[in-house]
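Accompanying notes for the structure given below.
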Amino acid sequence: RDCHDPTGEVSRAEFESSSGLRVTTDAAELGNADFIVVAVPTPVDDAHQPDFGPLVAASETVGRHLKRGATIVFESTVYPGATEEICVPVIERCSEMQWRRDFFVGYSPERINPGDKQHSLAQIIKLVSGDSPETLEKVAGIYASIIVAGVHRASSIKVAEAAKVIEN
117 RDCHDPTGEV SRAEFESSSG LRVTTDAAEL GNADFIVVAV PTPVDDAHQP
167 DFGPLVAASE TVGRHLKRGA TIVFESTVYP GATEEICVPV IERCSEMQWR
217 RDFFVGYSPE RINPGDKQHS LAQIIKLVSG DSPETLEKVA GIYASIIVAG
267 VHRASSIKVA EAAKVIEN
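Read in order, the letters of the sequence shown are residues 117 to 284 in the working numbering.
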């Protein structure tokens, strides 16, 4: 396990001492995960339209290796509704599983400025959401275990997506 944070926010020792965290570039390892975080860029083209290529590719990768019962949380900046309209159908197709029965989805927008040690992940309140009250509580519980500033539960995935767009 060769963990390196290019931003310098997390030391190698912190990575090595973390229990339950597995960092890998091997997509097959996703099949062992109960909780998956997808944070990929959503660039815009010259016409200022979002390019969902990286998000679709990540959703395909997750879908091909998804473990039944897993929860996937998206952190990428998207328009309200995109997680459920774009990501979920791709995962269903690639996994041959059904959303809300075989896998669950949340959204928790990335709110950090990489390399800013004063406003690190743990120091900024984390907005969380889920596709059901149970998923919301699971997502909130996991993020609350690492976010010192706490979490704020959004009423829906779309509300959390809208909050991120407004914040940008």
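Glycine included, every Cβ here is placed at the ideal spot set by N, Cα and C. As the structure is a computational prediction, the values presented were derived from the model and not from experiment.
Can you give the Cα-Cα distance for residue i and residue j, rounded to whole angstroms?
i: S135; j: S175; result: 26 Å
i: A186; j: N148; result: 9 Å
i: R117; j: E145; result: Because the pLDDT of R117 is 48, which lies under 50, any placement of that residue in the model is unreliable, and the number read from its coordinates should be weighed accordingly. Rounded to the nearest angstrom, the two C-alpha atoms are 13 Å apart.
i: T133; j: A163; result: Residue identity check: residue 133 is Ser in the sequence provided, not Thr. The straight-line gap from Cα to Cα measures roughly 45 Å.
i: G246; j: V160; result: 26 Å
Could you give the residue range of the alpha helix (DSSP H) that holds residue i?
i: T187; result: First-last for T187: 187-190, but that is the beta strand (DSSP E), not the alpha helix (DSSP H).
i: F131; result: 128-133
Would you kindly report the start and end of the unbroken beta strand (DSSP E) that includes residue i?
i: V255; result: It is not in any beta strand (DSSP E) - V255 instead sits in the alpha helix (DSSP H) that spans 249-260.
i: I152; result: 151-154
i: H268; result: 267-269
Does DSSP put residue i in a helix, a strand or coil?
i: H181; result: helix
i: L171; result: helix
i: P205; result: helix
i: G222; result: strand
i: A279; result: helix
i: G147; result: helix
Assuming residue i and residue j form a contact by the criterion Cβ under 8 Å, report the distance between their Cβ atoms to the nearest whole angstrom.
i: V281; j: Y195; result: 6 Å
i: F168; j: T158; result: 7 Å
i: T199; j: V221; result: 6 Å
i: E201; j: V153; result: At roughly 20 Å, the Cβ-Cβ gap does not stay under 8 Å, so E201 and V153 are not in contact.
What residues in its chain sit with their C-beta under 8 Å from that of residue i, if we drop five residues either side in the sequence?
i: R138; result: R117, E145, N148, A149
Grab me the residues of residue i's own chain with a C-beta within less than 7 Å of its C-beta, minus the 5 sequence neighbours each way, in chain order.
i: C210; result: E176, G179, R180
i: Y259; result: S224, K242, V244, V267
Identify, in the order they occur along the chain, each residue of the same chain with its Cβ nearer than 6 Å to the Cβ of residue i, setting aside the five sequence neighbours on each side.
i: P170; result: V156, P157
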